[in-house]
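Participant: In order, the protein sequence lines correspond to chains H and E. So the numbering used here is basically just the index in the first sequence, starting at one, shifted up by 2. So the numbering used here is basically just the index in the second sequence, starting at one, shifted up by 3. In this text, a Cβ means the ideal position worked out from N, Cα and C, and glycines have one as well. If you scroll down you'll find the structure; I have some questions about it.
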Amino acid sequence: MSGERPSNRREVVRGPRRDVRRRPTRPVATEVDEQTALGQVYLRALIRSQLRLGLAAVALVVLPLLGVLAAAAMWPQVRSLQVGPLPLWWLLLGLLVYPAIFGVGWWYVRLAQRNEDRFAALLDEE
Amino acid sequence: MKAVSAALAMLAVVVITIGLAVFSTRRARTTADFFVAARAVPPWWNASAISGEYLSAASFLGIAGLVMLGGADALWFPVGYAVGFVLLLALVAAPLRRSGAYTVPDFAEARLASRGARLATSVAVVAIGWLYLVPQLQGAGLALRVLLGTPIWVGGLVVAATVLAVLASGGMRTATLVQGVQYWIKLFAIAVPVVFLIAAWHGAASPDVRALAEAKFLQPTTVSMEATTTLQVEEPTEVVAVGQVDGLASQGPLLLAPGRHAVEAGTTLAFPTGAAVPTPVDSQALSGPRWAFPLEGSAEHSGYRSLALMIALFFGTMGLPHILVRLYTNPDGRAARRTAATVVGLVGLFYLAPTVYGALGRLFTPELMVTGSSDAVVLLLPQRAIGGVGGQLLGALVAAGAAAAFITTATGLTVSVTGVLSQDLMGRFIREPVRAFRLAAVPAVLVPLLLGFVAARLPLASAVSLAFTVAATTIAPLLLLGIWWRRLTAPGAVAGLAVGGVLSLAAIGLATLAPSTSGWPSALLAQPAAWVLPLSVAAAVLVSLLTPDRARPDVWRFMVRLHTPETLEFKRSRPQEQAP
């Protein structure tokens with residue numbers, strides 16, 4: 003998808019248009035590479051979206067755990083809840099937490115790759 | 004007999020490890036090979052190697068030991084160890100791989116363009132590595148003593164010698180091959196007996212967690228005390244004592260009243276069936292509902308302690324130098340992410356088992372709680388609960404797994420510490436990098452070995468959490484700010500490292516030297532991550548904002564490199580830094 007980029011070959015835009023409105027005459031990849039204001043906007047958007055996604059994944063894992071701890075701290079009767087032969091606490095923290103965080107991990111991987119693909123597509127467009 | 008099979012199993016692991024090292028040395032030719040394995044390792048194998056390196060003595064033995072003593076509250080340890088990888092995955096893995104840095108000090112130097120920041124990071128890496136190595140070597144000593152009856156210092160010495168042999172012959176490429184194999188050895192070793200253990204539990208008693216919580220002797224049990232111990236007895240207990248109890252010689256039946264009893268080393272106590280298991284006063288062992296349910300323990304402010312432990316373990320994982328160096332063996336950032344996500348699964352799969360050992364240990368090996376050797380529960384439980392030849396084989400299997408745990412983690416940590424020592428300290432005197440690497444391996448192992456002889460013995464998993472605390476308050480802020488905040492400067496990073504490292508080490512030192520404090524000071528000193536991490540980040544941010552002129556001028560280019568996929572070509576931001 004990004005194998006051949008026109009980054010070097012399309013230096014000159016030919017044609018009759020000499021508008022007052024400045025159009026981007028260089029590929030975005032170059033803007034990013036050369037740290038122009040426009041390139042920084044693109045890059046900042048990518049970093050922001052990746053950071054937001056990363057924090058979302060962390061929150062998805064950490065907030066439920068904090069919630070469980072807070073619930074046990076505030077309501078003592080929560081601590082001794084039973085599910086069948088097992089205390090709920092052991093079921094949650096000894097067993098269920100592991101498949102849950104594995105799922106969140108792969109969810110994150112998929113979305114992080116999608117963010118990168120979108121960024122790459124954006125650079126290819128221009 | 005049981006000692007022979009366990010010894011043979013451990014010996015086999017040592018021989019296989021050194022054998023693989025020697026075998027793969029022939030393939031490692033260049034210096035780059037020597038430091039970091041060639042990058043052509045598939046993600047799942049890389050994930051096995053990371054997991055193999057990560058699952059240390061603390062995971063293999065220590066978690067079960069803590070669960071045996073502390074029950075519900077101890078479950079945070081394995082959860083924290085696993086969740087730490089989610090943070091590593093979501094916030095660090097891909098950008099760190101894309102930075103092209105071999106090690107954390109490499110990252111610091113590249114990101115901040117500063118030798119000073121590199122040196123400060125190196126000091127933190129060595130401190131974390133040594134702190135982490137101490138319990139590995141101590142744990143090996145405990146394992147060999149329990150299984151073979153050797154003096155406590157032998158195990159650490161054996162592991163240290165094995166690690167040096169592995170490093171001298173192969174370096175990192177070796178480690179990748181070996182570590183991957185060892186994850187599967189460890190998983191197999193700890194998981195296979197679980198099925199039999201649960202069957203034995205159903206056969207021996209009503210399978211009820213509350214019965215485990217009570218901790219009573221299932222059968223008449225004779226316990227020989229190896230060290231002089233003060234036992235806390237909760238209910239009147241009729242024992243047959245041979246030796247000295249409460250300063251009086253005893254050669255027969257003795258009624259232990261509720262309260263504290265000093266038992267001299269060398270004394271044997273025979274408990275009848277159904278007697279409550281007494282525990283050392285300083286062991287923090289719980290029983291009944293206080294074991295079965297969370298936050299009921301005797302420690303003050305246990306809510307804060309759990310929270311601070313979570314913070315240390317969550318952020319500590321991303322600061323472990325021997326884990327971070329493995330990200331580099333991925334061909335690109337995306338592979339690093341997939342590797343880290345696979346590790347979450349592999350590590351989580353492993354952590355299902357220690358809890359079972361810890362809980363069932365209360366039924367089948369309660370004497371370990373009396374002698375304060377609960378870290379040995381994984382080693383002794385299979386042969387005790389299952390018995391016969393099958394029990395012996397399973398016992399040999401877990402012994403092999405334990406040996407794998409000590410050796411892999413110790414090897415990985417030693418590689419990291421050695422790399423830093425040889426590049427940043429000895430490299431100035433010794434020109435040839437491979438020779439410097441080999442020479443630096445000696446102090447890298449020897450210092451923690453000596454520290455382990457003099458340092459107090461903590462439960463393995465607690466001791467490891469100290470290394471996590473330092474990692475969470477030094478390396479983690481450096482990586483998080485370095486990757487996501489472009490205004491971080493070298494002085495800011497050094498300030499964060501200094502504040503985090505000094506405060507966390509001071510707190511841990513005070514908590515160890517003055518264990519008698521109580522209330523909030525005790526809780527804050529014993530689990531400092533919750534307040535040191537914010538201070539460390541604040542110091543790094545504040546000093547960075549005060550020194551904007553020290554920011555790397557081309558920081559945007561570095562950010563392009565960190566956050567964009569390698570498939571995009573940037574002539575200036577990513578010059579010639581492509582995977583082969």
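1. Using a Cβ-Cβ cut-off of 8 Å, state whether P583 of chain E counts as contacting chain H.
2. Counting along the chain, where does the beta strand (DSSP E) carrying V248 of chain E start and finish?
3. Taking any Cβ of chain H, which residues in the region 306 to 336 of chain E have a Cβ under 9 Å from it, in chain order?
4. Taking Cβ-Cβ distances below 9 Å as the criterion, which residues of the region 354 to 373 of chain E are in contact with chain H?
5. Candidates E:E112, E:A338 and E:T271: which alpha carbon is nearest R100 of chain E's?
6. Going along chain H in order, which residues have a C-beta closer than 7 Å to the C-beta of E299 of chain E?
7. According to a CB-to-CB cut-off of less than 8 Å, which residues of the region 211 to 223 of chain E neighbour chain A?
8. Nearest by alpha-carbon distance to R54 of chain H: which of E:L94, E:Y84, E:Q235 and E:I389 is it?
9. Could you check if R116 of chain H is buried or exposed, using at least 16 other CB atoms within 10 Å of its CB as the buried criterion?
10. Run through chain E and tell me which residues come within less than 7 Å of Q59 of chain H, C-beta to C-beta.
11. Using only the alpha-carbon positions, how far apart do L330 of chain E and S253 of chain E sit?
12. If you measure from the beta carbon of M71 of chain E to each beta carbon in chain H, is any gap under 8 Å?
13. Please classify F432 of chain E: is it buried, with 16 or more other beta-carbons within 10 angstroms of its beta-carbon, or exposed?
14. Pull up the distance between the alpha-carbon of G255 of chain E and that of A244 of chain E, whole angstroms please.
15. Quick check on the DSSP output: the alpha helix (DSSP H) that includes L140 of chain E runs from which residue to which?
16. Run through DSSP, which three-state label would R54 of chain H get?
17. Assign P472 of chain E to one of three DSSP states: helix, strand, or coil.
18. Would you say P64 of chain H lies against chain E (beta-carbon separation less than 8 Å)?
19. If the cut is a Cβ gap below 7 Å, which residues of chain H does S598 of chain E touch?
20. Label Q222 of chain E either buried or exposed according to how many other C-beta atoms from any shown protein chain fall within 10 Å of its C-beta, with 16 as the threshold for buried.
21. If the cut-off is 8 Å on Cβ atoms, which residues from the region 115 to 136 of chain E count as contacting chain H, listed in chain order?
22. Going by DSSP, name the residue or residues bridged to V381 of chain E.
23. Let's see if you can read the secondary structure: which residues bound the alpha helix (DSSP H) around P324 of chain E?
24. Do the CB positions of P531 of chain E and L69 of chain E come within less than 8 Å of each other?
25. Taking a cut of 9 Å between CB atoms, which residues from the region 559 to 572 of chain E lie near chain H?
26. If contact means a Cβ-Cβ distance below 8 Å, which residues of the region 81 to 115 of chain H contact chain E?
27. Are Q185 of chain E and A60 of chain E close, meaning C-beta to C-beta below 8 Å?
28. Flag G522 of chain E as yes if its beta-carbon sits less than 8 Å from any beta-carbon of chain H, otherwise no.
29. With a 10 Å radius around its C-beta and 16 neighbouring C-beta atoms as the bar for buried, classify V85 of chain H as buried or exposed.
30. Sort E:H205, E:V420 and E:L481 by Cα distance to A130 of chain E and report the nearest one.
31. Taking the alpha-carbon of F121 of chain H as reference, which of E:H566, E:I19 and E:A24 has the nearest alpha-carbon?
32. Kindly say whether L45 of chain H, judged by its beta-carbon, lies nearer than 8 Å to any beta-carbon of chain E.
33. Just the chain H side, please: which residues come within less than 8 Å of L78 of chain E by C-beta, in chain order?
34. Buried or exposed: which applies to G499 of chain E, given that a residue is buried once 16 or more other Cβ atoms fall within 10 Å of its Cβ?
35. Just mark T368 of chain E as buried or exposed, buried being the case when its beta carbon has 16 or more other beta carbons within 10 Å.
36. From the beta carbon of R490 of chain E, is the nearest beta carbon of chain H less than 8 Å away?
Facilitator: Taking the geometry as given:
1. Indexing the second sequence from 1 puts residue 583 of chain E at position 580. Confidence at P583 of chain E is low in this model, with a pLDDT of 34, below 50, so its placement is unreliable and the value that follows should be read with caution. Residue contact with chain H for P583 of chain E: absent (no Cβ-Cβ distance below 8 Å to any residue of chain H).
2. Along the second sequence, read from residue 1 onward, the residue named residue 248 of chain E stands at position 245. Looking at the DSSP string, the run of the beta strand (DSSP E) that includes V248 of chain E is T240 to V248.
3. If the cut-off is 9 Å between Cβ atoms, the region 306 to 336 of chain E has G306, S309, L310, M313, F317 and G336 near chain H.
4. For chain H, the residues of the region 354 to 373 of chain E that bring a beta carbon within less than 9 Å of one of its beta carbons are Y354, L355, T358, V359 and A362, in chain order.
5. To locate residue 100 of chain E, count along the second sequence from 1; it is residue 97. Nearest C-alpha to R100 of chain E: E:A338.
6. By 1-based counting over the second sequence, the position of residue 299 of chain E is 296. In chain order: R81.
7. Given the protein chain composition of this structure (H and E), no chain A is represented.
8. For the purposes of this step, residue 54 of chain H is identified with residue 52 of the first sequence, where counting begins at 1. Among E:L94, E:Y84, E:Q235 and E:I389, the Cα nearest to that of R54 of chain H is on E:L94.
9. Here residue 116 of chain H refers to the residue found at position 114 when the first sequence is read from its first residue. Taking all protein chains shown into account, R116 of chain H has fewer than 16 neighbouring C-beta atoms within 10 Å of its C-beta and is therefore exposed.
10. For the purposes of this step, residue 59 of chain H is identified with residue 57 of the first sequence, where counting begins at 1. The question names Gln, but residue 59 of chain H in the sequence shown is Ala. Result: V89 and A93.
11. Stepping through the second sequence from its first residue, residue 330 of chain E is reached at position 327. Stepping through the second sequence from its first residue, residue 253 of chain E is reached at position 250. A direct Cα-to-Cα measurement between L330 of chain E and S253 of chain E gives close to 60 Å.
12. The residue given as residue 71 of chain E occupies position 68 in the second sequence. With 8 Å as the cut-off, M71 of chain E does not count as an interface residue toward chain H.
13. For the purposes of this step, residue 432 of chain E is taken as the residue at position 429 of the second sequence. The residue in question, F432 of chain E, is exposed, as its Cβ has fewer than 16 Cβ neighbours within 10 Å.
14. One-based indexing of the second sequence puts residue 255 of chain E at position 252. One-based indexing of the second sequence puts residue 244 of chain E at position 241. Those two C-alpha atoms are separated by around 5 Å.
15. In the second sequence, the residue the question calls residue 140 of chain E occupies position 137. Per DSSP, L140 of chain E belongs to the alpha helix (DSSP H) from R118 to L151.
16. Position 52 of the first sequence, counted from the start, is the residue given in the question as residue 54 of chain H. Residue state, collapsed to three classes: helix.
17. The residue given as residue 472 of chain E occupies position 469 in the second sequence. Strictly speaking, residue 472 of chain E in this sequence is Thr, with Pro absent from that position. Helix.
18. Here residue 64 of chain H corresponds to residue number 62 of the first sequence, with the count starting at 1. Here the sequence assigns Val to residue 64 of chain H, which means Pro is not the residue at that position. V64 of chain H counts as touching chain E.
19. This structure gives no information on residue 598 of chain E, because the portion of chain E shown stretches from 4 to 583.
20. Here residue 222 of chain E corresponds to residue number 219 of the second sequence, with the count starting at 1. Exposed is the call here.
21. So nothing in the stretch comes that close.
22. The residue labelled residue 381 of chain E in the question sits at position 378 within the second sequence. For V381 of chain E, DSSP records no beta bridge to any residue.
23. Mapped onto the second sequence, residue 324 of chain E falls at position 321. Note, P324 of chain E: alpha helix (DSSP H), P324 to L330.
24. The residue given as residue 531 of chain E occupies position 528 in the second sequence. The residue given as residue 69 of chain E occupies position 66 in the second sequence. No, the Cβ-Cβ distance between P531 of chain E and L69 of chain E is not below 8 Å.
25. Listed by position along the chain: W559, R560, M562, V563, L565, H566, T567, P568, T570, L571 and E572.
26. Those residues of the region 81 to 115 of chain H that come within reach of chain E (Cβ to Cβ, closer than 8 Å) are R81, S82, P87, L88, P89, W91, W92, L95, G96, L97, V99, Y100, P101, I103, F104, V106, G107, W108, Y110, V111, A114 and Q115.
27. Position 182 of the second sequence, counted from the first residue, corresponds to residue 185 of chain E. Position 57 of the second sequence, counted from the first residue, corresponds to residue 60 of chain E. Taking a C-beta distance under 8 Å as the contact criterion, Q185 of chain E and A60 of chain E do not qualify as a contact pair.
28. Against the second sequence, residue 522 of chain E aligns to sequence position 519. No, its Cβ sits nowhere closer than 8 Å to a Cβ of chain H.
29. In the first sequence, the residue the question calls residue 85 of chain H occupies position 83. When all chains shown are included, V85 of chain H counts as exposed.
30. Within the second sequence, residue 130 of chain E is the residue found at index 127, counting from 1. Distance check between A130 of chain E and each of E:H205, E:V420 and E:L481 places E:V420 closest, using alpha-carbon atoms only.
31. As a position in the first sequence, residue 121 of chain H is number 119, starting the count at 1. Here the closest residue by C-alpha is E:H566.
32. Taking the first residue of the first sequence as position 1, residue 45 of chain H is located at position 43. True, the Cβ-Cβ gap to chain E drops below 8 Å.
33. On the second sequence, position 75 is the one that residue 78 of chain E refers to. Those within 8 Å of L78 of chain E in chain H are W91, W92, L95 and G96.
34. Looking up residue 499 of chain E in the second sequence gives position 496. Its Cβ being crowded by 16 or more others within 10 Å, G499 of chain E is buried.
35. Position 365 of the second sequence, counting from 1, holds the residue named residue 368 of chain E. By the 10 Å Cβ count, T368 of chain E comes out buried.
36. What you label residue 490 of chain E is simply residue 487 of the second sequence in a count that begins at 1. No - not a single Cβ of chain H is within 8 Å of the one on R490 of chain E.
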